Amino acid sequence: RAAQDPPTTLATDPDTATINALEGQSLTVQLSVQEIDGDPVTFAVDGGGALTGATVSEPVYDDDSGLWLADFTWTPTYDVASRAQPEVDLPVVVSATDMTTRATIQLNRTIRVSNVNRAPLAPESIVLSPTQEIVFATEDLTLESWAYFDPDSDPEVSGGLKVRWYKSGVRSSLGAYDDAVVLPAAELNAGDVVYCEIWTSDGDAVSATPGRSPDVTVLNAIASVAIVPGIARTGDDLSVAPVWTSPEVAP
8 RAAQDPPTTL ATDPDTATIN ALEGQSLTVQ LSVQEIDGDP VTFAVDGGGA LTGATVSEPV
68 YDDDSGLWLA DFTWTPTYDV ASRAQPEVDL PVVVSATDMT TRATIQLNRT IRVSNVNRAP
128 LAPESIVLSP TQEIVFATED LTLESWAYFD PDSDPEVSGG LKVRWYKSGV RSSLGAYDDA
188 VVLPAAELNA GDVVYCEIWT SDGDAVSATP GRSPDVTVLN AIASVAIVPG IARTGDDLSV
248 APVWTSPEVA P
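Using the numbering used here, the first residue of the sequence shown is number 8, and each one after it goes up by one.
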């Protein structure tokens with residue numbers, strides 16, 4: 008062989024100037040080059056440090072096509088693009104080098120990474136008031152607060168809260184209060200065990216699983232005791248006549 012020829016016909020599949028990718032999803036691009044002399048080659052893809060975790064497989068010679076082939080694989084992380092910048096173009100240089108002559112051929116490509124929104128996580132630290140454990144049967148039960156978590160740091164959207172109330176494990180009688188943050192006292196009876204499940208939203212997606220509040224046990228309303236007579240005069244005998252007032256259960 009009188010002379011060594013450099014690699015030629017470097018290509019990618021897909022064979023487009025811009026290659027589309029999605030955050031969190033694996034991208035595979037086939038690399039190919041012709042080396043007339045049959046010399047082994049090595050491939051590289053340089054993204055200027057932006058292609059963290061990318062790999063290029065060992066080249067394999069394909070007898071049918073007469074090409075050296077390899078796969079470039081990369082999974083963009085979720086912080087490449089964002090809601091504010093839904094598409095990010097990353098210029099890359101694809102190269103193939105003849106391992107015998109060290110001759111290199113290059114090809115410019117752009118990887119366009121599109122933002123993939125992730126739903127908020129299940130809310131935590133759900134607080135019901137007036138207490139986390141006991142509410143008397145004359146008091147409304149209120150969803151007071153919760154902890155919101157979004158893996159993309161997207162803010163919680165006002166009005167996107169989904170609420171479902173359960174009484175003794177059943178919500179069929181409480182459907183009228185779906186998405187309400189207050190469960191009226193009129194729906195509460197002594198002995199009920201009440202909790203709620205909530206989902207939060209970032210405006211594009213709702214948490215896949217709900218957060219669950221602690222159980223709240225409904226007790227009977229506090230009884231009152233009246234002391235009579237309310238006003239004593241000089242010379243009056245004093246006596247105590249307890250009067251129990253309970254809207255739920257007689258003493």
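Quick reminder that beta carbons are idealized off the backbone N, C-alpha and C, glycines included. Because the structure is a prediction, the values reported are computed rather than measured.
Tell me, please, whether the segment 105-117 touches the segment 190-198 by the rule of three or more beta-carbon pairs shorter than 8 Å. Segments in contact, no.
Apart from the five residues on each side of it in sequence, which residues of its chain come closer than 8 Å, Cβ to Cβ, to P130? Only W153, A154, Y155, F156, I205, W206, T207, S214, P217, G218 meet the Cβ criterion.
Run the CB neighbour count on R240, radius 10 Å, all protein chains shown included, and call it buried at 16 or more, exposed below. Exposed: under 16 other Cβ atoms inside 10 Å.
A18 - DSSP class collapsed to helix/strand/coil: Note: A18 maps to strand in three-state DSSP.
Is it a yes or a no for the segment 40-50 touching the segment 59-72, going by three-plus beta-carbon pairs under 8 Å? Cβ pair count under 8 Å is three or more, so yes.
Bridge partners of T35, per DSSP? DSSP, once it has assigned bridges, lists T80 as partnering T35.
For G55, three-class secondary structure by DSSP: In the three-state scheme derived from DSSP, where H, G and I count as helix and E and B as strand, G55 is classed as coil.
For S132, which option in A144, T104, T16, D222 has the closest C-alpha, if you only look at C-alpha atoms? In terms of Cα proximity to S132, the closest of A144, T104, T16, D222 is D222.
Considering only residues of the same chain and omitting the five flanking positions on each side of A183, which have a CB-CB separation below 6 Å? Here the set comprises nothing.
Would the beta-carbon of V170 fall within 8 Å of that of C203? Yes. Within cutoff.
Cα-Cα separation between R8 and E42, rounded to whole angstroms: The predicted position of R8 is uncertain, since its pLDDT is 45 and thus under 50; no value can be drawn from it.
Identify every residue that forms a DSSP beta bridge with P66. Checking the DSSP bridge columns, you'll see P66 has no partner listed.
L76 vs S39 beta-carbon contact at 8 Å: Yes, the pair counts as a contact, with Cβ atoms nearer than the cut-off.
Where does L181 sit, in a helix, a strand or coil, going by DSSP? Three-state result, L181: helix.
Could you check what DSSP says for A192 in three-state terms: helix, strand or coil? Three-state DSSP puts A192 in a helix.
Out of curiosity, what's the CA-to-CA distance linking G45 and M106? Near 11 Å, if we compare the C-alpha coordinates of M106 and G45.
Alpha-carbon spacing of T145 relative to A88, whole angstroms: Near 51 Å, if we compare the C-alpha coordinates of A88 and T145.
Identify the continuous beta strand (DSSP E) that holds R109 and give its terminal residues. Looking at the DSSP string, R109 is not in any beta strand (DSSP E), and its letter there is neither H nor E.
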